[in-house]
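Those sequence lines, one after another, are chains U and A. If you want this note's numbering, it's the position in the first sequence, counting the first as 1, plus 538. If you want this note's numbering, it's the position in the second sequence, counting the first as 1, plus 23. Backbone N, C-alpha and C fix where the C-beta goes; we use that ideal spot for every residue, glycine too. Just so you know, these numbers come straight off a predicted model, no measurement behind them. Encoded as structure tokens, the structure appears first; notes follow it.
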Amino acid sequence: MHQPTITQAHHHLLEKKYSAVELLDAVYKRIDAVDGQVQAYVHLTRDIARQQAEEADRKLAAGEDAPLLGVPIAIKDLICMKDTRTTCASHILENFVSPYDATVVKRLKEAGAVLIGKTNMDEFAMGSSNENSYFHPTKNPWNLNHVPGGSSGGSGAAVAANECMGALGSDTGGSIRQPAAFCGVTGLKPTYGRVSRFGLVAFASSFDQIGPMTKTAEDAAVLMNVIGGHDPMDSTSADIELPDFTATLSNDIKGLRIGIPKEYFAEGLNADVEKAVQEAIRHLESMGMQTVEVSLPHTEYAVATYYILACAEASANLSRYDGVKYGYRSKHSDNLLDMYTNTREEGFGEEVKRRILLGTFVLSSGYYDAYYLKGQKARTLIKQDFEEAFKKCDVMAGPIAPATAFKLGEKLDDPLQMYLSDIFTISANLAGIPAMSIPCGQSSDNLPIGLQLMGKHFDEATLLNVAHQYQTTTDHHLKHPEL
Amino acid sequence: MSSNSFDIEKIARLARLKLTAEEQTRLGQQFTGILEHIDQLNQLDTESVEPTSHVLPLQNVFREDEAKQIFSDGKFLLLAPRQDKDHYEVPQII
Chain U
539 MHQPTITQAH HHLLEKKYSA VELLDAVYKR IDAVDGQVQA YVHLTRDIAR
589 QQAEEADRKL AAGEDAPLLG VPIAIKDLIC MKDTRTTCAS HILENFVSPY
639 DATVVKRLKE AGAVLIGKTN MDEFAMGSSN ENSYFHPTKN PWNLNHVPGG
689 SSGGSGAAVA ANECMGALGS DTGGSIRQPA AFCGVTGLKP TYGRVSRFGL
739 VAFASSFDQI GPMTKTAEDA AVLMNVIGGH DPMDSTSADI ELPDFTATLS
789 NDIKGLRIGI PKEYFAEGLN ADVEKAVQEA IRHLESMGMQ TVEVSLPHTE
839 YAVATYYILA CAEASANLSR YDGVKYGYRS KHSDNLLDMY TNTREEGFGE
889 EVKRRILLGT FVLSSGYYDA YYLKGQKART LIKQDFEEAF KKCDVMAGPI
939 APATAFKLGE KLDDPLQMYL SDIFTISANL AGIPAMSIPC GQSSDNLPIG
989 LQLMGKHFDE ATLLNVAHQY QTTTDHHLKH PEL
Chain A
24 MSSNSFDIEK IARLARLKLT AEEQTRLGQQ FTGILEHIDQ LNQLDTESVE
74 PTSHVLPLQN VFREDEAKQI FSDGKFLLLA PRQDKDHYEV PQII
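Below you can see the structure in the form of structure tokens.
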């Protein structure tokens, strides 16, 4: 079967070119053929998916329609789906079965999607390579010796390897955009508050956002229309109107101002990445966009700020894993305190422990002002950088990561180097703005390169518009890895 | 702030984590590097800067305090590693 996008698959289903069950069978056949190498999934939901596909076929036969009717979608394994496991790629939640649907899952089901499985990730979304999964590392479909990025590496790889039509990821410090760039797919981190976090297992609650990972910006708009919008179950979800993101995709981008943050082109940026990103910017200029140089002067402090605040929030959020109410419990404990500590020692992987410890330290008595409060103030400065820069432009463009996908194992022993590779993505999370990654070229060794587009609060529409216009006049997003 | 003050045993105790001696050494060394990087923030004058805890201008979000029965089949309790009738079971406390 041809490799359809969400939009194409939906049209084909309506035209009865194939049925939802046939499409599902083709996707599972593809998964069975390639996932042994890629290892994008942690578990498949074959029975549920088949029921959903059969239901979709019944509706299609009755002439009904819905935005994703019959379309196979994958879900990152930290988003709850009723009566299926949600592991967060952690030993501590290995056998946890969600008793309810996350709001985004509920909305996907209502839109007729066929939910085919849960994708691999770094444990509790902590990592940039997918190597921190308790189960197995996912491989980059473009080169199996390289990482797919993280933490939504399973979703990125599944989309790139055509093991689903589209997927959901989550982005706390770049976890949608960096794997999207490394795998050559389109990924959008929405504005903080745009998509409900209800049913998303919490890592750092003031940063986490769910978003789409797809083959095109058009598909990302389709998914955003379904998953976005206010939800009373998440008190931080914003009660503002959700536009139809597909309606503005074809708008003329002529005259829009594109800000180029000079700090994103500093020393240390890989030459292939710089060339591809600069070419993409020139292409947007040739389409009538106006470039403006802008400055985000506190960029160099973003990694430090992020790791203080995100780890602090994580240390509080992950205190719930104590072996009492759900999840793993150590069998080697005589008393309650030992049960807590043994459960957490045996249940968490090393990166999770590292971040819990760092977060506990910055919140501990005597260090709170020096670290946590300092971090919150630095966050204000970074947020103000964006407010200033956006006075001069409508969107900003730059690289997603300083280099292309690195080799498996390359940064595993040096957590600080791993953290520093997030330098260009975490500022958007600190400021809460929407940002996306779209494929804009390939390196000399055939690995994808991502262009980052950043927008104003709640202005995903302009990002998707620019990305779609770029994709209608370029073919980088149409390239597929050979598997 | 000084990264020398990171007492890994104490922090692990606060975080309810039990670390092996080998983990203590390795993580301790890594924290020295990470905290040195974090100490860069000392270069910033933040004397008159307000802290940001949340990026949206949200005030308290209230709703009516109405009891709702979301799950009636005791599913939540069944998720526990050990439970008995209507309560969670844990090892001896005292």
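| Item | Value |
| --- | --- |
| For a cutoff of 9 Å on Cβ pairs, would you count U/Q569 as touching chain A? | Per the sequence presented here, residue 569 of chain U reads as Ile, with Gln not at that position. No, no contact with chain A. |
| Which residues in the same chain as U/A696 place their Cβ atom closer than 6 Å to its Cβ, once the five residues preceding and following it in sequence are excluded? | A578, A612, T657, C702 and A705 |
| Would you mind telling me which residues of chain A sit closer than 7 Å to U/Y839, beta carbon to beta carbon, in chain order? | Q63, L64 and L67 |
| Going by DSSP in three states, U/P953 sits in which element: helix, strand or coil? | helix |
| Does DSSP put U/P717 in a helix, a strand or coil? | helix |
| Report the residues of the segment 861-878 of chain U with a CB closer than 9 Å to any CB of chain A, ordered along the chain. | G861, V862, K863, Y864, G865, Y866, R867, S871, D872, N873, L874, L875, D876, M877 and Y878 |
| What would DSSP say about U/D772, mapped onto helix, strand or coil? | coil |
| Quick check on this structure: which residue in U/K614, U/G665, U/E779 and U/L895 has the alpha carbon closest to the alpha carbon of U/M751? | U/K614 |
| For U/L1016, count neighbouring C-beta atoms within 10 Å of its own C-beta (all shown protein chains included) and say buried if the count is 16 or more, exposed if not. | exposed |
| Tell me whether the beta-carbon of U/S853 lies closer than 9 Å to the beta-carbon of U/L901. | yes |
| Of all the options U/E560, U/S775, U/V832 and U/L787, which has the alpha carbon lying nearest to the alpha carbon of U/K929? | U/V832 |
| Out of curiosity, what's the CA-to-CA distance linking A/M24 and U/G687? | Because the pLDDT of A/M24 is 45, which lies under 50, any placement of that residue in the model is unreliable, and the number read from its coordinates should be weighed accordingly. Roughly 33 Å between the two C-alpha positions. |
| In the structure shown, what three-state DSSP assignment does U/N763 receive? | helix |
| What separation, rounded to the nearest whole angstrom, lies between the Cα atoms of U/L551 and A/V84? | 42 Å |
| Given a limit of 8 Å on CB to CB distance, which residues of the segment 629-645 of chain U reach chain A? | F634, V635, P637 and Y638 |
| Do U/I586 and U/L646 have their C-beta atoms closer together than 9 Å? | no |
| Who are U/S934's beta bridge partners in DSSP? | Residue identity differs from the one stated: residue 934 of chain U is Met in this sequence, not Ser. In DSSP, U/M934 forms a bridge with U/G797 and U/M992. |
| Using the C-alpha atoms, what's the distance from U/V733 back to U/E632? | 26 Å |
| Mind checking A/E5: buried by the 16 CB within 10 Å criterion, or exposed? | An answer regarding residue 5 of chain A cannot be provided, because it is not within the stretch 24 to 117 covered by chain A. |
| Please return the same chain residues whose Cβ sits closer than 6 Å to the Cβ of A/S26, not counting the five positions on each side in sequence. | Unreliable placement is indicated for A/S26, whose pLDDT of 47 sits below 50; the coordinate value is still reported in the next sentence. The answer, listed in chain order, is T55, L58 and E59. |
| Tell me, which residues are paired with A/R39 by DSSP? | DSSP, once it has assigned bridges, lists no residue as partnering A/R39. |
| Does any residue of chain A have a CB that is nearer than 9 Å to the CB of U/T676? | no |
| What are the residues of the segment 731-758 of chain U that lie near chain A, defined by any Cβ-Cβ distance shorter than 8 Å? | G731 and S744 |
| Is the CB-CB distance between U/F828 and U/L682 below 9 Å? | The question names Phe, but residue 828 of chain U is Gln in the sequence shown. No; because the gap between Cβ atoms is not below 9 Å, this pair is not in contact. |
| Along the chain, where does the beta strand (DSSP E) that runs through U/L653 open and close? | V652 to T657 |
| Let me check one thing: in DSSP terms, what residues is U/V832 bridge-paired to? | U/P799 |
| Could you tell me which whole alpha helix (DSSP H) segments of length 4 or greater appear in the segment 886-916 of chain U? | 888-901 |
| Give the C-beta separation of U/S628 and U/Y672 to the nearest angstrom, bearing in mind that I take them to be a contact with Cβ-Cβ under 8 Å. | 5 Å |
| Is it right to say U/P728 is buried, meaning 16 or more other beta carbons lie within 10 angstroms of its own, or is it exposed? | buried |
| Please report how far the alpha carbon of A/L50 lies from the alpha carbon of U/L911, in whole angstroms. | 24 Å |
| Going by C-alpha distance, which of U/A842, U/F944, U/D932 and U/A943 is nearest U/L896? | U/A842 |
| Under 8 Å: do the segment 39-50 of chain A and the segment 806-825 of chain U share three or more Cβ pairs, one atom per stretch? | no |
| Is DSSP giving U/C978 helix, strand or coil here? | strand |
| Comparing the C-beta of A/A90 with each C-beta of chain U, is any distance below 9 Å? | no |
| According to the neighbour-count rule (16 or more other Cβ atoms, all chains shown, within 10 Å of its Cβ), is U/R892 buried or exposed? | buried |
| Going by DSSP, name the residue or residues bridged to U/R623. | U/V635 |
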